[in-house]
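Below is one structure; the comments refer to it alone.
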Amino acid sequence: MKYTLIAWMRDKPGVLSQVSGMMRRRNFNIDSLQVGHSEVAGISRMTFVVDGNERMVDQVIKQLRKLVDVTRVDNISEQPIVGREMALIRVSTNAENRSEIVQMVNIYRGEIVDVALDSMIVQIVGAEDRVASLIDLLDNFGILEMVRTGPVAMSRGRATHTHRRSTAVWRAQANGKNATASERFKTGGV
Amino acid sequence: MPKRNGKAAPPAPETPTPMTGAQMVWEALVREGTRVVYGHPGGAILPTYDALSPYEAAGKIHHVLVRHEQCAAHMADGWARATGEVGVCIATSGPGATNLVTGLATAQMDSVPIVAITGQVPTNLLGTDAFQESDVVGVTAPVCKHNYLVTDVNDLPLILKEAFYIAREGRPGVVLIDICKDVQNATGLFRYDFEVDLPGFEPWPDVDKEVVRKAAELINRAERPLVLAGHGVQLAAMGRELLELVEKAEIPVVTTLLGTGNIPESHPLSLGMGGMHGEAYANRAVQGCDVLIAMGMRFDDRITGRLDSFAKQSKIIHFELDKAEVGKNIVPDLTVIGDLAETLPALLPLVEERRHQVWLQEIKEWETDTDQSDIINYEVDELIPPYVIRQLWHATHNAQNGPPIIVTDVGQHQMWECQYFTHDHLGQLLTSGGLGTMGFALPAAIGAQMAYPDRLVWAVAGDGGFQMTLQELAVIKQERDLPVKIAIINNGFLGMVRQWQQFFYDRRYTGTPVWSPDFVQLAAAYQIPGLAVTKPEEVVPAIEKANATPGPFLIDFRVKEEVNVYPMVPPGAAVDQLIRRPKPAVMQGYSGVQPSW
Numbered sequence: 050m051k052y053t054l055i056a057w058m059r060d061k062p063g064v065l066s067q068v069s070g071m072m073r074r075r076n077f078n079i080d081s082l083q084v085g086h087s088e089v090a091g092i093s094r095m096t097f098v099v100d101g102n103e104r105m106v107d108q109v110i111k112q113l114r115k116l117v118d119v120t121r122v123d124n125i126s127e128q129p130i131v132g133r134e135m136a137l138i139r140v141s142t143n144a145e146n147r148s149e150i151v152q153m154v155n156i157y158r159g160e161i162v163d164v165a166l167d168s169m170i171v172q173i174v175g176a177e178d179r180v181a182s183l184i185d186l187l188d189n190f191g192i193l194e195m196v197r198t199g200p201v202a203m204s205r206g207r208a209t210h211t212h213r214r215s216t217a218v219w220r221a222q223a224n225g226k227n228a229t230a231s232e233r234f235k236t237g238g239v
Numbered sequence: 221m222p223k224r225n226g227k228a229a230p231p232a233p234e235t236p237t238p239m240t241g242a243q244m245v246w247e248a249l250v251r252e253g254t255r256v257v258y259g260h261p262g263g264a265i266l267p268t269y270d271a272l273s274p275y276e277a278a279g280k281i282h283h284v285l286v287r288h289e290q291c292a293a294h295m296a297d298g299w300a301r302a303t304g305e306v307g308v309c310i311a312t313s314g315p316g317a318t319n320l321v322t323g324l325a326t327a328q329m330d331s332v333p334i335v336a337i338t339g340q341v342p343t344n345l346l347g348t349d350a351f352q353e354s355d356v357v358g359v360t361a362p363v364c365k366h367n368y369l370v371t372d373v374n375d376l377p378l379i380l381k382e383a384f385y386i387a388r389e390g391r392p393g394v395v396l397i398d399i400c401k402d403v404q405n406a407t408g409l410f411r412y413d414f415e416v417d418l419p420g421f422e423p424w425p426d427v428d429k430e431v432v433r434k435a436a437e438l439i440n441r442a443e444r445p446l447v448l449a450g451h452g453v454q455l456a457a458m459g460r461e462l463l464e465l466v467e468k469a470e471i472p473v474v475t476t477l478l479g480t481g482n483i484p485e486s487h488p489l490s491l492g493m494g495g496m497h498g499e500a501y502a503n504r505a506v507q508g509c510d511v512l513i514a515m516g517m518r519f520d521d522r523i524t525g526r527l528d529s530f531a532k533q534s535k536i537i538h539f540e541l542d543k544a545e546v547g548k549n550i551v552p553d554l555t556v557i558g559d560l561a562e563t564l565p566a567l568l569p570l571v572e573e574r575r576h577q578v579w580l581q582e583i584k585e586w587e588t589d590t591d592q593s594d595i596i597n598y599e600v601d602e603l604i605p606p607y608v609i610r611q612l613w614h615a616t617h618n619a620q621n622g623p624p625i626i627v628t629d630v631g632q633h634q635m636w637e638c639q640y641f642t643h644d645h646l647g648q649l650l651t652s653g654g655l656g657t658m659g660f661a662l663p664a665a666i667g668a669q670m671a672y673p674d675r676l677v678w679a680v681a682g683d684g685g686f687q688m689t690l691q692e693l694a695v696i697k698q699e700r701d702l703p704v705k706i707a708i709i710n711n712g713f714l715g716m717v718r719q720w721q722q723f724f725y726d727r728r729y730t731g732t733p734v735w736s737p738d739f740v741q742l743a744a745a746y747q748i749p750g751l752a753v754t755k756p757e758e759v760v761p762a763i764e765k766a767n768a769t770p771g772p773f774l775i776d777f778r779v780k781e782e783v784n785v786y787p788m789v790p791p792g793a794a795v796d797q798l799i800r801r802p803k804p805a806v807m808q809g810y811s812g813v814q815p816s817w
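Chains as they are written, first to last, in this note's numbering: chain A, 50 to 239; chain B, 221 to 817.
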């Protein structure tokens with residue numbers, strides 16, 4: 050079964066390699082991994098999809114929590130979530146099939162973002178299966194190039210947790226920047 | 221002992237003082253209470269070494285020059301295991317740092333607190349494959365609890381403080397700080413009044429009192445309870461409480477290798493070590509109990525044998541500090557998360573006074589069914605290793621200035637030490653359990669001896685392992701004749717590997733015969749007195765002579781070659797499916813006895 054996990058971590062060099070290194074060392078299989086900024090400055094948010102059984106996922110979560118720079122890990126597999134991924138697909142076209150492709154992309158609420166004489170770039174944002182199904186269709190015309198981000202996810206409904214600020218506060222103090230509490234909070238301390 | 225309550229009181233505010241990165245390192249070390257560092261200088265760490273001299277002159281920090289960086293980590297490890305304090309080692313960039321790796325991995329596997337400091341090429345050369353550059357943070361990440369690369373001198377004070385905090389708090393481990401050379405030279409403001417605030421680090425999880433109550437209930441209902449006690453008991457310094465618990469409810473205790481001595485081994489409730497080379501009755505007790513109380517241990521494959529047949533009929537209660545250890549190998553029926561120093565005292569009053577005479581009698585019967593007692597007492601005409609170890613116990617266990625510390629290497633002699641030496645005190649045996657690092661004994665013994673200059677410290681090594689780190693004999697001399705005693709169990713083989721070859725590879729001894737120099741002459745070259753022992757009657761006088769010699773002493777025990785460690789659970793077998801110890805008569809003229817049972 051596939052599990053979706055979200056991890057928050059201090060945004061500093063080497064954290065990504067710590068996380069991926071731990072996964073490799075513990076022999077966990079990652080289906081996809083997506084990382085970017087979160088609502089708190091200095092904290093990155095990573096969305097994982099891991100393939101495995103419950104016990105393995107339990108271990109993944111525990112080992113992730115053990116990493117000092119990882120501040121929080123949530124398993125949102127059992128919750129209602131909004132999961133989206135984006136893909137850019139360069140599909141081969143000619144005069145005859147161009148309009149057919151455009152129609153299909155419209156049905157999938159995708160966008161044509163670039164057109165050339167012999168190809169065009171399709172952009173699609175959506176749930177993983179919708180992206181996959183459009184890709185399947187476009188494959189019939191010949192996909193020349195493709196990039197998928199892998200899903201990012203957020204649970205539906207009310208926010209249940211707020212995030213603590215990072216040790217970056219202390220870094221700011223070490224740097225002699227005696228910022229006030231509210232300033233620190235705003236900047237995440239950096 | 222480390223603080224066991226989450227946060228310490230906020231430190232007094234401090235006026236920042238300008239100093240170089242190199243000075244900051246030593247200043248922080250002094251504040252953390254470090255007295256000894258083990259290291260080897262080199263280009264990229266030179267600024268830090270240069271800043272050491274005033275601290276050394278003032279007697280605040282003593283630097284020990286090692287002959288190989290691996291041993292710097294082992295010495296810091298030995299120090300840390302003996303004292304419970306954070307050990308510190310230091311090395312230069314590139315080869316210096318990569319040489320540390322084995323030592324760091326050894327410590328991390330056994331939850332030993334170490335802070336390692338390494339030099340790194342200047343920031344402008346990072347990533348250019350500069351001379352003596354290696355990606356130390358990348359290389360050491362899998363064997364560290366945490367590590368840092370410092371590229372800004374202003375980050376250094378906080379990182380140093382965090383490093384000691386992380387290494388020490390919770391389940392101890394290794395933290396490495398890689399400092400660029402220009403950062404060591406740069407000047408910044410030093411202060412040490414930070415309150416460490418790491419939202420992602422939860423060293424002391426809260427104890428759920430309800431779970432402790434449930435655990436007590438399970439224990440109270442048990443007819444055949446058993447405690448399986450590991451290193452965690454020692455790390456939490458809970459030996460006395462554990463003894464109180466098992467005496468109150470009359471529960472027998474099996475220990476792991478690193479849990480050796482958790483309760484006195486001469487105590488009637490102690491069954492000694494379990495697992496691959498544990499006694500048959502200890503392993504049968506594990507398999508036959510109805511409630512298994514695992515305390516501060518991680519169900520290593522060497523203790524569990526085949527997982528799917530481990531303690532099948534028992535309920536397992538796992539007392540553990542590190543949440544990630546729960547369910548990793550064995551899924552327990554009940555998990556008590558938290559520091560043993562909290563959970564055990566909470567458990568004690570809830571456990572009823574019970575007697576389990578039927579259960580103990582059953583174990584007793586298994587016990588008399590094996591042959592350990594014969595081996596311990598019998599007369600030998602050949603020099604066999606178990607006899608040597610037993611005599612070592614006889615000749616040292618009443619040592620002055622506290623119980624002797626035995627530091628072993630890895631292999632047959634390590635297992636014999638566990639079996640034939642009676643450990644009546646916590647922390648008496650220092651050994652590389654998790655990683656199984658050959659060459660550990662000598663350097664770790666040096667660390668332990670420096671921690672306790674007055675106590676008797678014996679390094680017990682095989683001829684193979686000893687030759688991996690024997691260059692550290694020079695350190696013994698350079699540190700003004702450290703009184704480390706060295707016993708080499710010299711059987712001319714990499715014994716444990718040879719034993720596996722005998723059992724599982726049809727006695728094809730490839731790569732296991734070891735040629736050794738004359739160790740006594742070798743010691744003499746290092747100006748260390750020594751003796752070779754070839755006969756059983758020479759054993760005790762030699763050990764007594766070593767004990768009476770004020771400085772170091774080396775004994776080369778030239779023991780019988782093909783002697784095996786029994787009992788043995790073959791890898792992948794259930795722990796009660798073991799190869800039994802042959803009768804002593806067979807053992808003497810040993811010639812490939814077929815495993816029975």
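Built from N, CA and C at the ideal position, the CB exists for glycine as well.
Quantities reported herein were computed from a predicted structural model and do not represent experimental measurements.
- In its chain, beyond the 5 residues on either side, ALA436, ILE439, ASN440, LEU465, LYS468, ALA469 have a beta carbon closer than 7 Å to the beta carbon of VAL571 (chain B).
- With the criterion set as a beta carbon lying under 7 Å from some beta carbon of chain A, the members of the segment 409-424 of chain B are LEU409, PHE414, ASP417, LEU418, PRO419, GLY420, PHE421, in sequence order.
- Between GLY631 (chain B) and GLY685 (chain B), the C-beta gap is smaller than 8 Å, which places the two residues in contact.
- Of all alpha-carbon atoms in B:GLY479, B:GLY547, B:LYS697, the one lying nearest the alpha-carbon of HIS645 (chain B) is that of B:GLY479.
- Under the three-state reduction of DSSP, THR476 (chain B) is assigned to coil, being neither helix nor strand.
- Judged by DSSP in its simplified three-state form, VAL308 (chain B) adopts strand.
- TRP735 (chain B) sits exposed, since fewer than 16 C-beta atoms from the chains shown fall within 10 Å of its C-beta.
- For PRO445 (chain B), there is no enclosing alpha helix (DSSP H); the enclosing beta strand (DSSP E) covers residues 445-449.
- Segment contact: the segment 620-630 of chain B against the segment 658-669 of chain B, three or more CB-CB distances shorter than 8 Å; contact assigned.
- For LYS705 (chain B), the three-state secondary structure derived from DSSP is strand.
- For the C-beta of PRO362 (chain B), the chain A residues within less than 8 Å are, from N- to C-terminus, GLY70, MET71, ARG74.
- Partner residues in the beta bridge of LYS535 (chain B), as assigned by DSSP, are B:VAL511.
- With a beta-carbon spacing of about 6 Å, VAL119 (chain A) and ALA56 (chain A) fall inside the 8 Å limit used to define contacts.
- Taking a 10 Å sphere around the C-beta of ARG727 (chain B), we find fewer than 16 other C-beta atoms and assign the residue as exposed.
- Inside the segment 56-133 of chain A, DSSP marks whole alpha helix (DSSP H) runs of 4 or more residues at positions 64-74, 103-115, from first to last along the chain.
- Taking the CA atoms as reference points, GLY494 (chain B) sits about 6 Å from ALA502 (chain B).
- By the rule that beta-carbons nearer than 8 Å mark a contact, LEU82 (chain A) does not touch chain B.
- Secondary structure at TRP735 (chain B): coil, using DSSP grouped into helix, strand and coil.
- Rounded to the nearest whole angstrom, the C-alpha separation of ALA144 (chain A) and VAL164 (chain A) is 12 Å.
- Taking all protein chains shown into account, ASN710 (chain B) has 16 or more neighbouring C-beta atoms within 10 Å of its C-beta and is therefore buried.
- Using beta-carbon distances, HIS451 (chain B) does not count as an interface residue toward chain A, since no partner is under 8 Å.
- DSSP links TRP678 (chain B) through a beta bridge to B:ILE626, B:LYS705.
- Annotation for ASP375 (chain B): no residue places its beta carbon closer than 7 Å to its own, counting only its chain and skipping 5 residues before and after.
- THR120 (chain A) reaches chain B at PRO419, GLY420, counting residues in chain order whose Cβ is nearer than 8 Å.
- The beta carbon of ILE386 (chain B) sits closer than 8 Å to some beta carbon of chain A.
- Taking 8 Å as the cut-off, the Cβ atoms of ARG411 (chain B) and PRO673 (chain B) do not count as close.
- Cβ neighbours of VAL608 (chain B) within its own chain (closer than 6 Å, five residues either side excluded): VAL759, PHE777.
- For LYS111 (chain A), the residues of chain B that pass the 7 Å Cβ criterion are LYS543, ALA544, in the order they occur in the chain.
- Cα atoms of VAL180 (chain A) and ASN344 (chain B): separation of roughly 44 Å, rounded to the nearest angstrom.
- Counting the other CB atoms within 10 Å of its CB gives LEU527 (chain B) a total below 16, which places it among the exposed residues.
- In the three-state reduction of the DSSP assignment, ASP355 (chain B) falls in the coil class, being assigned neither a helical nor a strand state.
- What VAL332 (chain B) touches in chain A, judged by beta-carbon distance under 9 Å, is nothing: the nearest beta carbon there is about 17 Å away.
- In this chain, the beta strand (DSSP E) harbouring TYR368 (chain B) covers 366-370.
- By the rule that beta-carbons nearer than 8 Å mark a contact, ARG207 (chain A) does not touch chain B.
- In this structure, VAL416 (chain B) lies near LYS381 (chain B), with their beta-carbon atoms less than 8 Å apart.
- Boundaries of the beta strand (DSSP E) harbouring GLU194 (chain A): 192-197, taken from the DSSP string.
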